[in-house]
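Chemist: Take 388 as the starting number for the sequence shown in the working numbering and just add one per residue. Mind looking over this structure? Questions follow.
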Amino acid sequence: MPDQRRSRTCLATSERKSAMRITAITGVAVLGVGALLLAGCSTGAAAGGDAKPADTQLSYSQPHTDPFQNAENVGSMERFKKLGYATIPATNADRDPAQQITDIQTLINKGAKGLVISVGDADAIVPAIEYANDQNVPIVAIDEAPASGNIAMIVRADNVHMGELACEEMGKRVKAGSAVITLDGDPVTSNGRDRTNGFNDCMKKKYPDVKLVNVATEWDPAKAATGIETALNQYDNIAGIYNQSDATFFPTILDTLKSLGKLKAVGEEGHIVQVSVDASPMAMTAIRDGYLDAAVAQPMTDYIDYGADYLVRAIKGEKFKVGKTDHGSVIEKRKGNLVDLLPTPVVTKDNVEDPELWGNKKFALEAFGASK
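So, in structure tokens, the structure goes:
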């Protein structure tokens, strides 16, 4: 397409060899540097257009273990192989930001010429990105965005908008004077901050008579369960729950509501409206069963496909720029990096059977141990 023509010219090799300045704070490495402005551009040997795919090793860095992250990992590695590239086994930092830094450095030292990563801690991950920059190894981030560092492309959804969509679905289902529990994601992640701000700001503006009961979860299901139980005991007008990640929290929510005698399907007296983000296989089942009213779908399949595709193109030396893509999204520049913001459909009982939704895909069903 005119605004995304592929370049056949490799980029010049960068000779920058700046040392990383890492400060250890409670075991987490943090780097205080500004964002580099050479977004979407790989350089040096890793960007050699003459490299044969079978001789070029790619890999994936996973920040922690949950079915959603597992599915992104498996899907990305399969995509690399489908494109004809060799792979190095993916890593899993198991919720340890310092470990993810080590993982990325180790993958590069093992010969990875490009990496797709999902970011666990937006600030803490920066030293790893700087290390990759120094080694001329392009990185594409999917789902989450790092705070800074030179990334070839960030492929994600507009999570503020996802929060706003969830607000609209919630607002039209609950009455003025009621209260809504919001299970807030970890603020050290861009997704957690954005989904919280998008939902809260929208609710306060459009539905000011609905009280918000915020629960700080740090993406921990146990904290979500405790917060729900506490809120239900404290308020007698809880009408809804905003779940920022059904892939993470949904089984816990169902178990908690069931144990309290408050798990009711849509249409039943006492039903607590539930709106979530992700639209995982578990959420799809819950929509079919009537326990989940709506879910804002993460475009995981596109994260995987376009993440790998951007990485391969970056390795070949292609430059990217702001503008419309050929897959219905728009590339913007945010904090010095290019971000491909993918569309996020809302899933309800009316479209839950759509085979293009990632929660209905075979790889996702297998990752979640679910079935349609």
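Heads up, the beta-carbon is just placed ideally off N, CA and C, and yes, glycines get one too. Since the model is a prediction, treat every value here as computed from it, not as a measurement.
#1: Would you identify the three-state DSSP class for Thr731, choosing helix, strand or coil?
#2: Looking only at C-alpha atoms, which of Ala754, Lys593, Asp696, Asp737 sits nearest to Arg466?
#3: What do you reckon, are the CB atoms on Tyr629 and Val662 nearer than 8 Å?
#4: How many Å lie between Pro514 and Val664 at the Cα?
#5: Considering only the beta carbon of each residue, do Asn460 and Gln449 sit closer than 8 Å?
#6: Which residues in the same chain have their Cβ closer than 6 Å to the Cβ of Lys598, if we skip the five residues on either side of it in sequence?
#7: Return the bridge partner residues of Thr474 from the DSSP annotation.
#8: When burial is assigned at 16 or more other CB atoms within 10 Å of the CB, is Glu556 buried or exposed?
#9: Which residues does DSSP list as the beta-bridge partners of Val547?
#10: How big is the Cα-Cα spacing for Lys592 and Gly471?
#11: Taking DSSP as the reference, what is the three-state secondary structure of Gln685?
#12: Do you know whose CA, among Ala534, Ala563, Ala611, Asn537, lies nearest Asp571's CA?
#13: Which residues does DSSP list as the beta-bridge partners of Ile568?
#14: Please report the distance separating the alpha-carbon of Thr539 from that of Gln685.
#15: In whole angstroms, what separates the C-alpha of Thr474 from that of Pro533?
#16: Just curious, the beta strand (DSSP E) that Ile373 is in, first and last residue?
#17: Please classify Pro525 as buried or exposed, where buried requires at least 16 other C-beta atoms within 10 Å of its C-beta.
Modeler: By the coordinates alone:
#1: Secondary structure at Thr731: coil, using DSSP grouped into helix, strand and coil.
#2: Cα-wise, what sits closest to Arg466 is Asp696.
#3: Taking 8 Å as the cut-off, the Cβ atoms of Tyr629 and Val662 count as close.
#4: Going by the C-alpha atoms only, they are around 30 Å apart.
#5: Asn460 places its beta carbon less than 8 Å from that of Gln449.
#6: Within the same chain, Lys598 has close Cβ partners Ala566.
#7: Answer is Leu445, bridged to Thr474.
#8: So Glu556 ends up on the buried side.
#9: Answer is none; Val547 lacks a bridge partner.
#10: Lys592 and Gly471 have their C-alpha atoms spaced approximately 50 Å apart.
#11: It is coil, neither helix nor strand.
#12: The residue from Ala534, Ala563, Ala611, Asn537 with its alpha-carbon nearest to that of Asp571 is Ala611.
#13: DSSP, once it has assigned bridges, lists Val600, Ile628 as partnering Ile568.
#14: A quick correction: the sequence has Ala, not Thr, at residue 539. Roughly 21 Å separates the two Cα atoms.
#15: If you draw a straight line from the Cα of Thr474 to the Cα of Pro533, it is about 24 Å long.
#16: The structure shown does not extend to residue 373, since the chain is modelled only from 388 through 759, so no value can be given for it.
#17: Buried.
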